[in-house]
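Presented below is the structure to which this report refers.
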Amino acid sequence: MKLEKGLFKGYRSHGDKREQRHFILKHVERCLAIRKRVGSNRRMITMKYYFYSKDSQVQVCRHFFMNTLSISKDFIYGTPYQHSDGVLTSSKQGRHDKHKKVKETVVQDVRDHINSFAAIDSHYCRARTNKKYLDALLSVAKMYRLYEEAYKEHERASLDKYKCIFDKEFNLAFHIPKKYQCEISTSQRNNPTDEKRIV
Numbered sequence: 001m002k003l004e005k006g007l008f009k010g011y012r013s014h015g016d017k018r019e020q021r022h023f024i025l026k027h028v029e030r031c032l033a034i035r036k037r038v039g040s041n042r043r044m045i046t047m048k049y050y051f052y053s054k055d056s057q058v059q060v061c062r063h064f065f066m067n068t069l070s071i072s073k074d075f076i077y078g079t080p081y082q083h084s085d086g087v088l089t090s091s092k093q094g095r096h097d098k099h100k101k102v103k104e105t106v107v108q109d110v111r112d113h114i115n116s117f118a119a120i121d122s123h124y125c126r127a128r129t130n131k132k133y134l135d136a137l138l139s140v141a142k143m144y145r146l147y148e149e150a151y152k153e154h155e156r157a158s159l160d161k162y163k164c165i166f167d168k169e170f171n172l173a174f175h176i177p178k179k180y181q182c183e184i185s186t187s188q189r190n191n192p193t194d195e196k197r198i199v
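Note that the UniProt record's numbering has the sequence shown beginning at 1, numbered continuously upward.
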């Protein structure tokens, strides 16, 4: 038990995940299995687990290794594949690759589609805001479904991109707050004369 606590403490003394993976690399050996499964051409990989006690190397089972360090099998199996020539690469956890740039024509199609919906201008009311309001029955998800139908013969943006353009380029909401409502805007919402659609 004292040995296990010492091993655990030594492992946890490596603060970040990258250093902990280095620890795993030094104590786990990947090697080809002597036997292969019948009917399979795939080479089987086995793992050997070691701890060091003074000057000796002691092989242990995976269960003992995992329990001693309080780690999962996924953490062990994931580690060896993240290094090349003994050098561990930086973890990509929490990072994102650059998003693929969307064509300007696709972005413009999204803008045109959003603009095709009738928006009630808040200047009809006393509220000092540039925000405009779409019909309460709408939502970004519903608008995107209509967009997919309207542009099914074209290259289309993803829902996330559609939402991004909606949020960043348009100052729109889906209902008029009661404190901003007035007879004119309510009348316009209920009896639209604009050719743009409300749904």
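The C-beta atom is built at its ideal place from N, Cα and C for all residues, glycine as well.
Quantities reported herein were computed from a predicted structural model and do not represent experimental measurements.
If you look at PHE170, you'll find it isn't in any alpha helix (DSSP H); DSSP assigns it neither H nor E. Taking the C-beta atoms as reference points, PHE117 is found no nearer than 7 Å to LEU137.
Only buried fits PHE51, as 16 or more other CB atoms lie within 10 angstroms of its CB. For ARG30, the pairing in a beta bridge is given by DSSP as MET47. Assigned with DSSP and collapsed to three states, TYR151 falls in coil, not helix or strand. The beta carbons of ARG111 and GLU169 sit about 7 Å from each other, so the pair counts as a contact at 8 Å.
An exposed status is given to ILE45, since fewer than 16 other beta-carbon atoms sit within 10 Å of its beta-carbon. By the neighbour-count definition (other C-beta atoms within 10 Å, threshold 16), ALA157 is a buried residue.
Per DSSP, the unbroken alpha helix (DSSP H) holding VAL110 starts and ends at 104 to 115. In this structure, the CA atom of SER70 is about 20 Å from the CA atom of ARG30. Judged by DSSP secondary structure, ASN67 falls within the alpha helix (DSSP H) whose first and last residues are 62 to 69. Closest option to ARG18, judged by alpha-carbon separation, among GLY78, ALA173, LEU146: GLY78. Note that the C-beta distance between VAL58 and TYR49 is not below 7 Å.
Per the C-alpha coordinates, the member of ARG62, ILE76, HIS175 positioned closest to LEU25 is ILE76.
From the listed residues HIS63, SER53, ASP167, LYS73, the smallest Cα separation to ARG21 is found for LYS73. A direct Cα-to-Cα measurement between ALA150 and ILE114 gives close to 12 Å. In this structure, LEU172 sits near LYS132, with a CB-CB distance shorter than 7 Å.
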